[in-house]
Every structure is written in structure tokens, then in C-alpha cells.
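Protein chains in written order, with the numbering used here: chain A, 1 to 287; chain B, 1001 to 1287; chain C, 2001 to 2604; chain D, 3001 to 3604. Idealized CB from N, CA, C, for every residue including glycine. All remarks here apply to the structure that follows.
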Amino acid sequence: MTKTFTPGRPIWCAGCGDFAVQGILEKALDSSGILRHKFMLLTGIGCAGTIQNNVHCYGYHALHGRVLPTAVGAKLSNPELTIIAAGGDGDGYAIGAGHLIHSFKSNPSILYIVMNNSNYGLTKGQPSPTSPTGYRSNVEGDLDAILLGLSISSTTFLARGFSGHPEQLEKLMMAALEHTEAGKGLAFLEVLSPCVTYYDTHREWRFRVLDVNDDESYDPGDRAKAFQKVTEIIGEGKIPIGLIYKGEFPSLESLILSSDHTPAALQDIESPAIKEDYLKTMNAFLG
Amino acid sequence: MTKTFTPGRPIWCAGCGDFAVQGILEKALDSSGILRHKFMLLTGIGCAGTIQNNVHCYGYHALHGRVLPTAVGAKLSNPELTIIAAGGDGDGYAIGAGHLIHSFKSNPSILYIVMNNSNYGLTKGQPSPTSPTGYRSNVEGDLDAILLGLSISSTTFLARGFSGHPEQLEKLMMAALEHTEAGKGLAFLEVLSPCVTYYDTHREWRFRVLDVNDDESYDPGDRAKAFQKVTEIIGEGKIPIGLIYKGEFPSLESLILSSDHTPAALQDIESPAIKEDYLKTMNAFLG
Amino acid sequence: MSTESYAPPILEDVNVIVAGQGGDGSLTVITLLAGLLREAGLNVYTQRDVLSRIRGGHAAATLRGFSGNRYCIGSSIKLLVAFDFEAIEKNTRYLDNHSIVVFDDSGGKLNGQLPKDVRLYSAPFNRLAMRTMRRELYKNSIAFGLVGRILGLEDESLMKTFEHRFKRMGKTILEYNQEALRLGFNLSNELGLAEGEGLYKVKKTKPNKQLLITGNESVALGFLVAGGRFFTGYPITPSTEILETLQKWLPQYGGVARQTEDELAGINMAIGAALTGTRSMVATSGPGFSLMQEGIGHAGSAEIPIVIVDCQRSGPSTGMPTKPEQSDLNLMVFGGHGDFPRIVLTPGHPEDCFYLAVEATNLSQQYQCPVFLAMDQALSQNTATVAPYKLDDVVIDQGLRLNAEQLENMEVYKRYSLANGDVSPYTVPGTPGGLSLITGNEHDEFGIVSTSPENRIKMMDKRMNKIEKAKKHLPTARHFGNKKSEIGFIGIGMTYGVILEAMEQLRDLGVDTQYHQPRTIWPILDETLRFIKKCKRVYVVEHNAVGQLAHMFMHQGANSDKLIKVLKYDGTPFIPSELTNKVMIKEKKHIKSVKNLKREATLQ
Amino acid sequence: MSTESYAPPILEDVNVIVAGQGGDGSLTVITLLAGLLREAGLNVYTQRDVLSRIRGGHAAATLRGFSGNRYCIGSSIKLLVAFDFEAIEKNTRYLDNHSIVVFDDSGGKLNGQLPKDVRLYSAPFNRLAMRTMRRELYKNSIAFGLVGRILGLEDESLMKTFEHRFKRMGKTILEYNQEALRLGFNLSNELGLAEGEGLYKVKKTKPNKQLLITGNESVALGFLVAGGRFFTGYPITPSTEILETLQKWLPQYGGVARQTEDELAGINMAIGAALTGTRSMVATSGPGFSLMQEGIGHAGSAEIPIVIVDCQRSGPSTGMPTKPEQSDLNLMVFGGHGDFPRIVLTPGHPEDCFYLAVEATNLSQQYQCPVFLAMDQALSQNTATVAPYKLDDVVIDQGLRLNAEQLENMEVYKRYSLANGDVSPYTVPGTPGGLSLITGNEHDEFGIVSTSPENRIKMMDKRMNKIEKAKKHLPTARHFGNKKSEIGFIGIGMTYGVILEAMEQLRDLGVDTQYHQPRTIWPILDETLRFIKKCKRVYVVEHNAVGQLAHMFMHQGANSDKLIKVLKYDGTPFIPSELTNKVMIKEKKHIKSVKNLKREATLQ
Ligand SMILES: Cc1ncc(C[n+]2csc(CCOP(=O)(O)OP(=O)(O)O)c2C)c(N)n1
Ligand SMILES: Cc1ncc(C[n+]2csc(CCOP(=O)(O)OP(=O)(O)O)c2C)c(N)n1
Ligand code: SF4
Ligand code: SF4
Ligand SMILES: [Mg+2]
Ligand SMILES: [Mg+2]
């Protein structure tokens, strides 16, 4: 086998929640049977956005906040790839907020993992959109990305895990990957992943998380009820985790790519056969 | 009185919904008693984003998608001004989506009017985030900005009007202005404002709008119920209008500006008295 | 109002302006006329002058019909069709004593606003349309009848054109328009302008088998034919047609043309597609181009092939969205933070747009870096007749790309291998054995983040070396005129046609010149610096306020004493006589005997 | 390991590196040391070298203590404190035969890795800390005891510094650290290094009443004192301290320092504040600066005063976030689409940062345009001792601003009045009688959108004229060295201190030079072009790969033959001897007799 890069050792601080995310992601990948060369891991910038360096696959380090559009571009031009986008809460919810909304809206089949540590780790702990009121200079209310996802009618998979609950996280990761692989659209998985150095929420979160799926009557198929439930849980000072919503909406690639054509990335663009068609296209300008 | 610019004649096509918005805005302003020089109208780019040229007040034409941060900057540095931001649906929900979320989140006391015509008027009718599936090249589900607003815990005023229902729109405009003037935070008012040239929805919308306030039992104070109601109405193929949500959260300026200080814009920065303080600040570096 | 009998010459070069309010349909009239003249075997160039609003406001469209080669509107307007007073006001300056004006006097008669000796046909087109057709918009079709008669076109051919154009809009619309056209013919008769008694005689040749195409459409076509399959755009004048054209075409070829939520998504989505080996392009204009700077630098750093089309409009900021300019050259060449390699190509007419779009697409792959096409509003949106592009000549260069078989024979694959000292072979996701890390952080050969000073220097040099390597292979300039002349011209984009025509005028005035039309402005090729060295004086003609191009030459060592900046930044294109005059003023002090100096007056 | 008895000289110039893994606390040691030396009456300069990660990875901090004026680390390192092998590996190249190394041998002993004659003190600091204090992090404090002894500082003064530093962290932490320090003293005794027997004698003068401050802090202070009251930032290395400093200060003055959701919001929010008349600033680094391009051009077009601080780091793209570079100069000068006026100031040390921040704030108001402060990571984050800034000298210039009374006496107020031909008086919202329209579209004098060609030219000229007007009032260069010398230096930012010291070394080598330190690089001032003209050879010293500054001079007409580019782009600062050597190599062919050429070896 050709030697390529050797996955790096994580640069995270000992105890960082991101280790668990990486471990579980690798597990999910392994058990999915997806070949590593068919799989591309794209990330934003931040502590979270170094995970691709540690995983044996095609890796890409996007610009801060731009991992989603980049991932969508990759997916649309080669839908045969498994595309996983990952990054931090600053990356995804602050500078990347617009793209998040529009990716929710367009529903491409990619898995998006946000490692939420409620602060900007790599730049030394500034507040992020999920920081609570009162954290450092933050006066604002905190953002709940699952609620945000619920508010957009074409979302299809919204889940939240906790790095401190690896078993549940693994289940969610597998389900999310399955959703994506089945071409059902965007699988959004937020992982509460504490930053031990700047904002150590380990203990607090362990105490606050509440798995909606613990309640067997919970129906993740009802958008309004899910919204109701999440607001309720938040109102009680808890953080809802689990598979919170799963719905149906055609995936972006299924809507805009026709099955008559080879995907863009795999076409033989040098084939002489196309020239005829080009000629037709051009000749429309002959009047 | 010093002569300044003469407000322009609108450049809108005859029949454009934006005329009504302007008319009602002027009415609301007049009846509010706010002095015109205390009032600043900032807009984005687009057909909607020309309204400031036609109104007698301080007017500012922001960059495409950036009207909200600009308006926030003005408000925070001079909270004594009445700040109204306005623009189109492309401006506010496509390129401006990230700022919308973060303005919802930070809740500054400004009035934000989105003239939603479900297309990009000024660039000749391309689909916008609120265009329905099937409009031109659009395959995505459409975005409902009110649902989006509901999903963010610190929103305080969410309403939708219709240019074809001027009386109701006037009420909403007055209520929104009042909310802002009272320093209660961001008043978000979307106006369905048909574009007769590229996507004439006048008749369709007249038929589809449903005023939630017609039902007297409707409680705009309950976020989850509002979400439920809006999804329900949308599910029935209707468009919910009216004052959909009104809640409480401290406004941004009330949280970060201290009443001990003159607002930044109004300070006498040449006052010799400050030099003492500057000296203290500097001397901290003396070790 | 009187017309005298007149022995019509063969139509060889005519300029027509149709002007009124936005929405009046001036563009439609010009489009129809362009088709007709092409049918009649002529070449055509059209230009638009509109405001950034949907209805209302002055809007004009201009057409030039000619035999031979022209890529600009001529110096004097033969026919002005004015739908209102404003159209007269704004355009009188282009008229001379031989011009003809067709005026819609529904709003009042003209008196004295026109140069004397201008022939005036006026009629209440609007009122006629309202009275007989109940809709104002038919006024165009009425006026069009008169225009046809003036230009010596056959009534029959106008009727046919209408059929062709309005058929798809339904029977009623077609019939109404044809009725309006007949009204126009009748009106012409009343005004004493019978069929065949027009200003010109149109020689009946076989129809001109040329494309009638804009620069934007040519770029789209070039990209498609070069194997381009992924495009992103966000609507912005004057680039939107590239998005719209590719939205029509690419899906037919299994490609994707996507309108994104903003330009940041646009550039990054295109980068995402490029990562999979798909040839990707974005198109935008100034404001969007500014927003793309981070993404562009990233492509330079991470070595991702991408074509960026900047359809320049009048800046800065929102500027004058519908007006042409060439003032983003600095941003193309010096934009983005940090140092990274890039290539900037500068087409001068639609043919260039096509061929350079092909080149740009190939170059982006060969050098794995951002490649720019510097368009301007005029080049983007004006239409011209051009010979059909030679699709068979298009060769696709895939650059250094490795497939699974090639990889198998390699012991080690490094995405950013330093082995070549510049471009490294790459693999795309999905290729077994080709795993890689791609990043905009500084990295080692495998793509692992590195801040080692030694590695940094090697990697930076590797990237920058591409430019030296590329220099020998980049599109070279075209040369026109007398190679011996002391006087040189340099100009790109929309100045191309103007310079060529001004050179003819100057030759007529006894002034010999030569013209170097660079098709690559970054890196600046040696040929360009040599041209400047060779000439005594070089007029650098450009549409911006500071002489961005001229200073770029200085930046690369050109002697500033030789460069004469000829700048225009008022949002209107140069007309040839304007340029001729500017040059003559300067040259007078250099030239001993200028033969025809008197003629200058006629060129004002 | 042995120490010989040694007659210690007075400490006049010493360079110390402390290095280990990120999180090891090297920075803390250097910070403490800096404070101590300042206490002892010395001047101090410190520098950091860290990776873009929170823990782990090589991280070093360097300090220079000296009497006199220095703004860089010196050419040879006297003391290296190494917490691991990597620290030895990465830093040996800075050592010479007179150096001392303190090594934590918890992970194994050194053998042979050091230049011979280097004096080595090694001890298992880490193991000691773990054993006695149960936490690794106390190893710094132990090592610090040894460092103090080596430098000849009094034990007492170290204890005091600890008290000062750790008091606020609580009693336990303070006591633990003091205990560790005492361990360090004991260890020193064991190693034969008693108090007062160190390498140096520290002359007891009165404590140095200088600020110990970074460039970023000085910028923040300058802005504050110039009346700046609105700041936006988005965290990004190496600019974040400006945000954090102003978040601490501005609220105390009724101002606002806001962390925005991204840099687009940042620049536009600052513009919004500027519209109300509030003095506004943003600070960022490359990636954020690229994102701000549209906003910056908008400020140029709509004539909005704004100060933009770019703390440059190694680019392109994400690059090497913690490493210095000067490679955004092109983007500052040529960025944004379209033509608009701008001013770029280039401080060379913290004092400049302060005074130029004041200037920038005033200039933005006077010329109503974007004003840049070109920082670099070293200038931004390194600390230096400087004389307290003269706050009383700060004058606030409000530019042409009209209040209600002034307006009352005017018949008509036009926001973009052409009356002055450049800057127009403005009003802020809230001013009765001063209503205006502000827009980035081209506009008439009232701010009404206009595409009239005549108006366009006037407005463009008005805006661009500001630059000509400003030229006479912009911060001028500082000059150093022999005005008669043929050999010139030009350099900005972090090269300032290095050039000055290299000049001394060159003088010692018999080579006389002069140095022009521009403090404005856009517009390029005549003085700079004159300086280049006057010299025979000008070494343009800069931290980027292409010579952005040198080419900028050419862009403005400088003779390229005179310019010698001295470039460094490996993410590390020049050291003076390196520059000296580079110059000597070139100069050898020019200089008939170079006196001390043998000395060159010692400067390697
Ligand atoms: C355009 C831009 N702005 C700012 C930065 C600096 N930056 C790097 S990482 C980061 C935030 C990291 O926070 P988050 O996304 O939450 O990731 P974490 O480190 O917490 O995992 C920022 C602001 C950047 N790289 N690019
Ligand atoms: C950065 C940038 N991108 C694109 C444009 C071009 N543009 C002008 S208006 C507009 C959209 C207008 O749509 P909307 O906001 O819905 O306003 P409407 O015209 O429909 O009222 C666009 C894309 C621009 N001015 N700036
Ligand atoms: S700083 Fe926080 S988020 Fe970053 S690696 Fe350390 S613990 Fe993890
Ligand atoms: S194009 Fe549409 S939105 Fe724009 S002015 Fe006309 S009707 Fe209104
Ligand atoms: Mg984070
Ligand atoms: Mg719209």
C-alpha cells in the first residue's frame, strides 16, 4: 500500500471532551464499513477543527465558519463520498451561523458534528454563542442549535450528545451516519464537549443533561412537540440531549442531481462524445 | 431651517408592495411624535433597500446583508436615537442570515422591517430564502423568519404584516415602534410585500394570510405555543400574520451601557477632566 | 418636419441609440434590430446603459451594425430613438449634424433641443399605443416600424423577426405586436418614409453565420467546454448572466450551478467541489469579490484549483452597479492577505472570453491556484457577433493528477510533495491509496500543520515558484499596428475595440501607433515590459481613477516616464474619437507635421 | 557540572530564552523576570514563540534586559532555560560558547547536544515539583530560583515579585509558589550557585519608571486617549489583546467594546457607530482582514471615519497564526474593490503604536476615510519598556463636524458638498437641521444616488483628493544614522529594532548606513522617494516572500535598481547579526576596505 500521511496525535489538552468525539467517530466509521478512501472529513478552525488531522481518511481544513458550504460543494460534485463536517460552536454558530441555517434549509446528505464547549477554545476562552449569560463578557442569552434546526422546515435529523455519555453518543453518531449514508439529508449532531482549560463544564453538564429518549413516549417525528419539549427542558435548567428530531425532506443532492448523469467529479470530461452536445449549446447563439 | 436633501420619489414599479410599507412607516413615525432628526433609517441593498431615500430623516444605505450590525453599532453608540433597519428578504435572510440570528440573540432596541417579496427584486427575480419550492430554480423548502425568531430564546417581538392589509400593518408598525422606543429590544416586523414585476403574489397572499390575532384566545406570550400555532397554520397552506410573539428579555443596550455615563456619541471627549483617568489607566503598566 | 429624397448608400456602419425610461423596452428594440442586421449579413455590437432599478429612470441601448470588425460603439450616432425628453437630453451629445432622431412626442413637442440639421421624425407613439392597443408597451413595436424603414430594412423581414421573437409568448402577444408594427409602417408612410426609401440600402448577402453573444455567455460556454462542471454564484450585476446561463446548461451535462446564500458560501462551495477534482468556477462583481478574498487566499495557500470571474462594475462599494469599470485589478493582483500565487487573465472581446475561460480552467488545474478572469460590465453584457468558436481546438489539461493505478506504483504519496519544486501531483477523495490532508495552515509535504521555519520557506517557495513556471505558458498578448511606431497603446477588456478604432483614426490623422493587448496581467509577462521599453510613449488606457494597470507595470519595474495614463471613470465607455483626441493633444508636441489636424474637429 | 568562581560584570545586556511545551509556563517565567529587571532599573524587551494550540507543542519566550534602547532580541543568547529536549534542539542555534543552559533533566540527561564551553546547570525540576508539590506546574518557580541566582538578582526581590504576582490568585497558590522558589534557592546552593555569585551584578539603581507594554496595549491606549469609544473585534491571534484590553477599559469610559459574531459584523458595527460621530476602531489579523474588505471599501466610498488595525501574522490563509509577518501590506494599500482613499500608518515600536493610534483616530475624522495601523505579531505581542506616554500632548481633532448652531447659519447643508474639493463637513444623527443620506452608491452632494457621469467624476476626484491633501499632514519618517551614507535601510514594524542594532554592528565593521523609518506607507510620501533617490543602495527589510514594500515604492516610481530586498518569511524575526551579515555579503563588493571583516564570524 502506498504510504500517505500518518494521522497526528491530538493536540488537545488532557481531559478535553474532543477525545471522546474522535474515538466514537472512528468507531462509528469502522462499524459502518465505509472504506476510508471514500470518506472525507472537513472541519472548521478551532480546537475542534483539528480532528481531521488525527483520522485516517481524506481530510480538509476549511476556513473558520465555512466548513458547511465547503462540505456541500464536495457532496454535490461527488455524492458517492461520505462527507462529514465538523467544528466548534464558535465556528458553527457564530461566524458560521448563516451557513448553518442555509444547510439546514437545503438538507444535503452530510453529517455535521459540532463540538460544543461553549467557548472559543483555541483563541483562549472567549464567549461563544452557546456561552451562558455571565460567562466572561457575555450578556446575551445562549443559543440552542437544536431549536434553531427545528425552526427550519426542511431539517431531517437533529441530535445532541455529551462526551461524558459515550454510549449514548455512539448510538447517536451511528444513527446520524446512517441517516447521511442513506441519502436522507443533513444529520446534525451537537456534542457537548467540555473544555477543561477555559471553561470546565464537565461536572455541570453531567448534572444538567436530560436524554429525551429516556422517555419512551417521546416522539422525535413531531416538530412542534419537539420544540415544546426542548423549551420545557431548558426552562427547567436542564440540557436536552438525545435524538430530538427526525423528519423527512428530500435531500439536496437527490433534488438537483439527475440520475441520468455520472456525478460531476467522476465524469470523463475528455470524452469526444460530449463535443456534439457542446456544439448544439453553442449553436443556439447563431440566431 | 437649513435646507438638506429632498426625499426622493420611490423608484419602485407601480403596484409594488413597498409603497404601502413606506406610507405606513411614515404614518407611524408621525404619530409617534419622534423628531425626524432623532431618527435614523438604515437599509440593506435591494428594491426594499431604497426606502431611506424617500423618507425625511437621517438615512443610511448599508452593504448588502449588513444592515443589522450597522444599526446595532449606531444604537449602542447613541441609544437616544430611534433606529430603524429595513431591507429585503434576500438581504435579511440569505446573505444576512447570520446577523439576523445574532441580532435576535442580542436583542438591541431597534425596529427591523423586512419587506419580503419572496424573490430578489433588484437583481431581477432570482429565488430568495422565502421563495417556495419550485419558484424558478429553487428546490429548497422556504424559510419562515418568525419560526427562526421563536427558536432564539431572547427574542422579544415577532410580527408579520401584509402590504395588502394596511390597517393591520399600521397597528403592527405602531406596536413595533413602541416596543423599540420603550427600550424593550428588537422589534422584528416582516411585511409580505409583493413584487408585481417578477413574482406577483398579491392575489395569492391575500388569499393565504391568516391573522393569528383574529383568534382572541391566541397568546403571543407563549413561545412554544406560538411555534405550534405557526407550524400548524403553515401546515394548512396558510401564512400566519399578526403579532405572533411578544416576550421579555433585557435589551442589549440596557445590559452593556451603564447609566453612569453619557452615551459614547454624545460625550465631550475633549474634556480635560478625563485626562486624570487616562493617566490612571496608563499607569497600570508601570508595574 | 420634412424629409428630402435621398440616394441611400449601402449600410456599412451605423450607430443607433434607443432610449427612454427603464421598462420602456429600449433593450428589446435593440435586440430585435441586432437580429435583423445579422440576418442581413452585418456584424453587430450592442451596449446597454441602464440604472440599478427595475422600472423608470433613464435607460438606453445602443447598437452598431457594420461590415468588418468593431468591438465598440462608434463615435457618432446616426439614429436616436427617444421615448421621452430625458432621452433627448442625455443623448444629444452623441449626435452630429447628420443624425436622425425619432421622437415620441406624446409628452410634448421638441423645440430647439437638437443640433441644427438633425432630421427629426416625431410621432406620439405612446398615445398611439394606448389608443389602439390599450397598452403603452406596444409603442416600441410602432417605433420599430419606423426604425426599420429608416435603416432600409424590408417590412417583411421585420414581420418575420417579430414572429420569431414573440411566438413563444403566445398568439395574442404576437398578433398585438404585429398589429403595432403595421401601425408603425402606416405611420412611416404618413411621415413620407415609404419602404425602400430609407437612409440606407441593406445589401442582401447571405445571413451572417456568426454567434451573437455576450462576454458573460462566452465565459460560461468556455467553462463548460473546458470540462467545467461546478459553478456557484450569488446574483450581482453584471455577472448574473453567467449564473443564469450555467443554471440552464450545467444540469444538462450532469454539472451543478448553484445559487448560494452569499458569496462566502459561493467561493467555499466551489472550493469544496474543486477538492473532489471537479472543475469549478465562481463569478461575481466588486462587492462579492471583496467578500471572497479570504476564500481566494485559501485556495492559493491550500493549492486548490479555482476560476474566479470578476465582472467589474463602477466601484468602490456598491458604486454604480450597472456601469462599467476596471477598478478591481488591484484587488485581483494584490488581494487576499499573505503571499500566494495567482494568475489574472484579461479578455478583450467575447472570443477572448471563450478561449481564456478555457485557458483559465486548464491553468487552474495545471498550477493548482486561483485563476482570475478580469471582465468588465461592457465586456460582460454587451453583445457582439463573432465567428463560431472552434470547439475542436479545445484541449483539456488535467494537470498532475494521480489515479489509483499510478499511486500503486508509488512508495509514498505526499499531497504537497516538494519534489518538483512547484506543482505537486494530487489525488481526489475516493482514490484508494491517495489519502491526504488539505489545509490553509502552513503544512509539511503530507499536509500536516507545521511551523518549522525551514519547512515554511520551502513551502512558500514551492507555491510562489508556480508563477515563474507558469510565465512561459500563459496567454500572450496580441499585437496590432506598426511594430516600428514610437507610440504604444496598452489596454484590456472594453478598451480593446476602442483602441483599435482610435488607431485607425490616428492613422488617418498621420499618427502611427501600435497596440499591445495583454491577455495576462499577472504575472506581468516580459513581453509587456519589453513592449513598454521599446516604445517612446505608451498610452495605458483604462477605466479607473488612478491608473491601476499603469502602476502595476511600474510595480514590476516599468519606467514611469514612458507611461501616459488615459483614464476614464465616469461609468461610460470611451468612444474612439474621445481617445483619438486625447492622444492627439499629447502627441501634437511630439509630432513635427500632423497632416490632417483640421479633421480633429469632426471627431469631437 | 562545575562552576568556576567568576567576577561578575554589571548586567548591561542579556538575552534569556525559556522554552518547553505549551502550558509549561515559559511565558510566566519571562514575564516575572521582565518585571524584576525593570525593578532593577533595566529596560526590557520580551518576545514569544508559541504554537496555535493550547497545551503542548514547543513554546518559548525570550527576554532581553539591557540598559539603553533596544527593540529586539539580541544576536546571542546568554541563558537558555529548557524544560525538555525539544527546547534544547530548537534553541541551540542561538547559543554561543559563552552561553549558560539550565536544563530540566527529569526526562533524561543531555549529552553532547550543546556547543562546547556552554555552562550547563541541570536538575530534575519536574520531578522535584511532582515530588514535593504534587503539581508539575511548580517546576517553573523552582527553575526561576536558579535563573535569579544566575542573573545576580537578590533572593529577596524574587520573593517580592512572587508576592506581587500570585497574591491575587489566593493564598495557597502564593505559598506553594514561594515554597517552590525556596526549593530553587536550595537547589542553586547545591549546584554551587550561592546568592550574589551569579553571572552578573545588577547595579542597584532606582526602579525603572517605564511602562512595560505591548504594541497591542499601546494601540488600545492610544485609541482610548484619542477619544475612541467604540471598538469591535472577533478573537483572532495576534490581535485579541486589543479586544480584551478595550473590553476592560472602554466600559469605564462609557464606551463600548464588543465581540461580534464575525468580522463582517465587526467592521459594519463599527461603521454604524462611526455614523453617530463616535470614534471607532476594529482590530483583526489576516483572515478577518480579508473578510472586512467590503466594509472597508464602503467606508472609503461613503466617507466614514474608521480605524482598522491589522495585526499581521504569517499568511496566506490560516497560515501560521502565532508567527509574525508583514504580508498584508498589499491588501491594506490595494484592497477593496474600486478606487478609494485610505491612509496606512506603520508603527515601529510600542511608543509609535500609541502615538500613531492617536494620529490614526484623528486622521480618520479629518479625512473621513479608513485609516490602517499596520502591526505585526512581534510588534503586537512583544513587550517593551518605554517612557510613559505624554498624555498631555494628545490633541483631539474633530475634523469638519457641524453642530446645530453652525447649521442654523447655513442656507443649505450637503453631506457630500463639493465646496472644498475634498473633505466635506458632516453632521451626525440627532443634529437638528443636518439630515443626510449616507451611501456607498455613487451619489450627489446630498447623498442621493446618482449615475451622472459629470457628478461621478467630481465625487471620485473629491474623494481621491483627500490623499493629496493629507500628504502634507501625515506622520513622517524617523531618520537614523549618517545622512551622508550611500547605504540606506527602509523597514517598518518589527524590523525597526533589528535595523537599528544591525546599523551599530555595521558601523563597528566600518560600514556607515542610514535608516529611513517610514511611519506612513500610503500614500507613499515624497520624503521616502527622496530618501531612495539620495542613497546608492537601499536595503528594504521586510517579513514577506515577495518584497511588498519594495514593490510599493516602485509602484510609486522608485527606481528598482536601487532597491535590495531583504526578505524573511519563515515565521521568525530577524536577529541583528543575521541582517548585518546579509548586508555585509552585498556590501563587500562595494567597499574597498572593510576594517573588521574578521569579526563577521562572531556574528553568525
Ligand atoms: C476569519 C477568522 N477569524 C478568526 C479566526 C481565529 N479563530 C481561530 S479558532 C476560533 C474560534 C474557535 O472556537 P470554536 O469554533 O468554538 O472551536 P474550539 O476551539 O472551541 O473547539 C477563532 C475565532 C480565524 N481563524 N479566522
Ligand atoms: C455583496 C453583494 N452581493 C450581491 C449584491 C447584488 N444585489 C443587490 S440587491 C440584491 C438582492 C435583493 O433582494 P432582496 O434583498 O430580497 O431585496 P428586493 O430587491 O427583493 O427588495 C442583490 C443580490 C450586492 N449588492 N452586494
Ligand atoms: S483549550 Fe479547551 S477545547 Fe481546546 S483542547 Fe484544551 S480543553 Fe479542548
Ligand atoms: S422589481 Fe419587484 S420589488 Fe422591485 S420595485 Fe419592482 S415590484 Fe417592487
Ligand atoms: Mg468552542
Ligand atoms: Mg426580496
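Cβ of residue i within 8 Å of Cβ of residue j?
i	j	result
residue 2361/C	residue 2307/C	yes
residue 2350/C	residue 2384/C	yes
residue 2576/C	residue 2505/C	yes
residue 3540/D	residue 3565/D	yes
residue 3334/D	residue 3463/D	no
residue 1037/B	residue 3435/D	yes
residue 3065/D	residue 3014/D	yes
residue 83/A	residue 71/A	yes
Per DSSP, which one or two residues make a beta bridge with residue i?
i	result
residue 210/A	240/A
residue 1944/C	Here chain C has residues from 2001 to 2604 only, and residue 1944/C is not among them.
residue 127/A	119/A
residue 2516/C	2479/C, 2490/C
residue 3522/D	3344/D
residue 2015/C	2064/C
Among residues of its own chain, excluding the 5 on either side of residue i, which ones have a beta-carbon nearer than 6 Å to its beta-carbon?
i	result
residue 2083/C	2020, 2024, 2104
residue 2376/C	2312, 2324, 2326, 2493, 2494
residue 2424/C	2416, 2417
residue 164/A	206
Only counting the same chain, and skipping five residues up and downstream in sequence, which positions put a Cβ closer than 7 Å to that of residue i?
i	result
residue 2278/C	2229, 2230
residue 3595/D	With a pLDDT of 47 at residue 3595/D, under the threshold of 50, the predicted position of this residue should be treated as unreliable, and no value is reported.
Near residue i, what residues of its chain come up, given a Cβ to Cβ distance below 8 Å and the 5 sequence neighbours on each side ignored?
i	result
residue 231/A	147
residue 2559/C	2532, 2533
residue 3275/D	3304, 3428, 3429, 3438
Would you mind sorting residue i into buried or exposed? The rule is 16 or more other CB atoms within 10 Å of its CB.
i	result
residue 3101/D	buried
residue 6/A	exposed
residue 1288/B	This structure gives no information on residue 1288/B, because the portion of chain B shown stretches from 1001 to 1287.
residue 3009/D	exposed
field: Contact list for the region 248–266 of chain A against chain B, Cβ threshold 9 Å
entry: Taking 9 Å as the Cβ-Cβ cut-off against chain B, the residues of the region 248–266 of chain A that qualify are 249, 250, 252, 255, 256.
- prompt: Name the residues in the region 2265–2279 of chain C whose C-beta lies less than 9 Å from a C-beta of chain A; which are they?
  reply: Hits within the stretch, in order: 2265, 2266, 2267, 2268, 2269, 2270, 2271, 2272, 2273, 2274, 2275, 2276, 2277, 2278, 2279.
query: Taking any Cβ of chain C, which residues in the region 3521–3549 of chain D have a Cβ under 7 Å from it, in chain order?
result: Per Cβ criterion, the list reads 3544, 3545, 3546.
- prompt: Between the region 2282–2312 of chain C and chain D, which residues of the former have a C-beta closer than 7 Å to a C-beta of the latter?
  reply: Per Cβ criterion, the list reads 2286, 2287, 2289, 2290, 2291, 2293, 2294, 2297, 2298, 2300, 2301, 2302.
query: When Cβ atoms are compared, which residues of the region 149–170 of chain A fall closer than 7 Å to chain D?
result: For the region 149–170 of chain A, which is checked against every Cβ of chain D, not one residue is closer than 7 Å.
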